[in-house]
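See structure below.
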Amino acid sequence: MTIDREKYKILYEYQKTQYDDEKLRYSRLDDKATKYLTSLAFLTTVYTFIVSNYFKDLDKFLGCLKYLSILSIGITFILFFIAWGYLFKVLKSEKSARLPTDNSIVESFHNHSLESNLVHISELHSQLIDMYREISIIKNLKLSKGYDWIKRSYISMGFSLFLIFISLAWNSL
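Structural data, given as structure tokens:
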């Protein structure tokens with residue numbers, strides 16, 4: 035009876051491709067979190083500059099509009115911090131397994147048939163695929179929450195900038 039080696043090679047190639055795809059998805063989550071952090075950091079810097087200039091002339095402003103804008107500014111910074119927290123959690127290094135590269139693999143290739151080795155490596159790929167999927171689900175959830183907090187902070191930032199603009203316009207009258 036002849037052994038059909040091609041089916042084992044196909045199994046190995048399929049698992050390897052799936053493994054590479056999962057690693058790519060995993061790294062894309064980190065890339066997306068980095069992009070979110072970059073935009074958040076840029077807007078926070080611009081916002082801080084505007085707010086610091088507003089606070090320089092704070093004693094000129096009167097009434098509840100001043101206190102409402104201060105409250106809104108504080109809430110905006112809190113929302114920024116929460117968004118940063120989720121995004122940094124996405125970027126946190128996760129313990130990830132790798133394919134073994136020690137001498138046991140070399141010995142296995144010497145002691146077992148090609149088919150057995152292909153099945154074994156395919157099983158290792160399958161385990162790593164499952165691990166990457168589990169980690170990616172958690173990272174994706176954190177990334178989604180981070181994005182939601184970014185949206186909230188941008189809305190709050192827009193509201194506080196509106197209040198600052200109204201305060202400046204009211205004060206110039």
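Residue numbers (my numbering): 35 to 207.
Idealized CB from N, CA, C, for every residue including glycine.
Since the model is a prediction, treat every value here as computed from it, not as a measurement.
* Note down, in chain order, each residue of its chain lying with its Cβ closer than 7 Å to the Cβ of N174, except the 5 sequence neighbours on either side. => Around N174: L63.
* **Euclidean distance between Cα positions of Y48 and N151** => Between Y48 and N151, the C-alpha separation is close to 15 Å.
* For T79, does the three-state DSSP call read helix, strand or coil? -> Here T79 sits in helix by DSSP.
* Beta-carbon proximity list for L158, same chain, < 8 Å, skipping 5 on both sides -> If you ignore the 5 residues before and after L158, its C-beta comes within less than 8 Å of the C-beta of L133 and P134, all in its own chain and listed in chain order.
* Can we say the stretch 38 to 48 touches the stretch 71 to 79, given the rule of at least three CB pairs closer than 8 Å? -> Contact fails: fewer than three Cβ-Cβ distances are below 8 Å.
* Range of the contiguous alpha helix (DSSP H) that encloses T110 -> Per DSSP, T110 belongs to the alpha helix (DSSP H) from G97 to L125.
* Do the stretch 53 to 63 and the stretch 90 to 106 make contact, defined as three or more Cβ pairs closer than 8 Å? -> No, they do not touch.
* Reduced DSSP secondary structure (H/G/I, E/B, other) of H144 -> Looking at H144 - three-state DSSP - the assignment turns out to be helix.
* **Of the listed residues L148, K126, I84 and F115, nearest to L186 (C-alpha basis)** => Note that residue 186 is Arg in the sequence shown, not Leu. Nearest option by C-alpha distance: F115.
* Whole-angstrom distance between S156 and F143, CA atom to CA atom -> F143 and S156 have their alpha carbons spaced roughly 14 Å apart.
* Sequence-distant residues of its chain with Cβ nearer than 7 Å to Y181 (five each side left out) -> Y70.
* Asked: So, is W183 buried or exposed, given that buried needs 16 or more other C-beta atoms within 10 angstroms?
  -> It is buried - the Cβ of W183 has at least 16 other Cβ atoms within 10 Å.
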